[in-house]
Amino acid sequence: MVRTIELNKRQEQILQIVKEHGPITGEHIADRLNLTRATLRPDLAILTMAGYLDARPRVGYFYTGKSGANLLAEKLKKLQVKDFQSIPVVVNDNVSVYDAICTMFLEDVGTLFVVDNQSLLVGVLSRKDLLRASIGKQELTQIPVNIIMTRMPNITVCKKEDLIIDVARILIEKQIDALPVVKEVDGGFEVIGRITKTNITKILVRLVDDDIM
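This is how it looks when you write it as C-alpha cells:
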C-alpha cells in the first residue's frame with residue numbers, strides 16, 4: 004500500500020543526493036551520509052514505494068521528479084468507481100411522490116433512482132424534483148413519480164470500470180449530485196450502485212489522510 008508520506012530529514016537528504024548524482028547506488032548514497040547500507044534500506048524502500056525514487060538493478064536509484072502533489076494526482080487518476088460506489092436507493096416508477104419524499108429523508112440521500120417492474124433504470128429523482136412537486140396544492144399521495152422524474156435517455160450513467168476523476172468532472176459539468184452505477188442487461192440498465200459528490204469528497208479526504216492506495 005503506497006502512502007502519501009511526510010519525509011523525515013534523512014529521506015530529504017537521500018532525495019537531494021539522488022537528484023544531484025543519480026543514477027547512484029545505495030552503497031554510494033550510504034557513503035555520502037556516512038551510514039551503512041542496511042541503515043538506509045528502510046528509507047530507500049519507502050521512497051521507492053512512494054514513487055519519489057525509481058530503482059534499476061545494477062544501475063542504481065533515479066529521482067522521478069514527482070512531488071507529493073504529483074503523486075497524489077496520479078493516484079486519483081487511477082481510482083475506479085467500483086472501489087468506492089455506495090449502495091443505490093431505488094424506488095419503483097409507480098410509487099407516489101409522497102412515498103418518494105419519505106424514502107429520500109429516511110435514507111438521507113439527495114437522489115433516488117427509479118426502476119420499472121423489471122428493475123431496469125427508467126428515471127432519476129432529485130431533491131429539486133420533489134421540492135418542485137410539493138409546492139402547491141397537489142395531493143402528493145396521488146401523483147406517481149414517473150410524472151416528475153427525469154427520464155431515460157436523458158440520464159447520465161457510469162459503470163464500475165469508469166474512473167472516479169471522469170465521474171467527478173461529469174458531476175461538476177452537469178451540476179448534479181449523483182450518478183447511478185449501472186450494468187447493461189437485456190433491454191436496459193440495472194442499477195448496481197451510486198457515486199455522489201459526498202463519495203468524491205470522502206475519497207479526497209482519505210487520500211490526504213493516507214487511508215487508501
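Residue numbers (the numbering used here): 4 to 216. All C-beta atoms in this analysis are idealised placements derived from N, C-alpha and C, irrespective of residue type, glycine included. The structure displayed is predicted, hence computed values, not measured ones.
- The straight-line gap separating the alpha-carbon atoms of Phe116 and Tyr66 is approximately 48 Å.
- Within the stretch 157 to 192, the complete alpha helix (DSSP H) runs of at least 4 residues fall at 167 to 177.
- For Pro60, the number of other beta carbons within 10 angstroms of its own is below 16, and it is reported as exposed.
- Cβ neighbours of Gly25 within its own chain (closer than 8 Å, five residues either side excluded): Gly63, Tyr64, Phe65 and Tyr66.
- Residue burial annotation: Cys105 is exposed, with fewer than 16 other C-beta atoms found within 10 angstroms of its C-beta.
- Taking a C-beta distance under 9 Å as the contact criterion, Gln88 and Gly191 do not qualify as a contact pair.
- The C-alpha of Arg13 lies about 56 Å from the C-alpha of Val188.
- Per DSSP, reduced to three states, the secondary structure at Asp57 is strand.
- Cα atoms of Val92 and Val208: separation of roughly 24 Å, rounded to the nearest angstrom.
- Distance from the CA of Ala103 to the CA of Asp165, rounded to the nearest whole angstrom, comes to 29 Å.
- Of all alpha-carbon atoms in Ile49, Leu43, Glu9 and Tyr55, the one lying nearest the alpha-carbon of Lys22 is that of Tyr55.
- Only buried fits Gly126, as 16 or more other CB atoms lie within 10 angstroms of its CB.
- In this structure, the alpha-carbon of Leu210 lies about 44 Å from that of Ile146.
- Just measuring C-alpha positions, the residue of Lys163, Gln16 and Ile150 sitting nearest Lys81 is Lys163.
- Close CB contacts of Arg40 within its chain, under the 6 Å cut and outside five residues either way in sequence, are with Gly29, Glu30 and Ala33 (chain order).
- In this structure, Thr153 keeps its C-beta atom at 9 Å or more from the C-beta atom of Ala181.
- Here DSSP, grouped into helix, strand and coil, assigns Gln121 to coil.
- Judged by their CB atoms, Leu128 and Met155 are not nearer to each other than the 9 Å cut-off.
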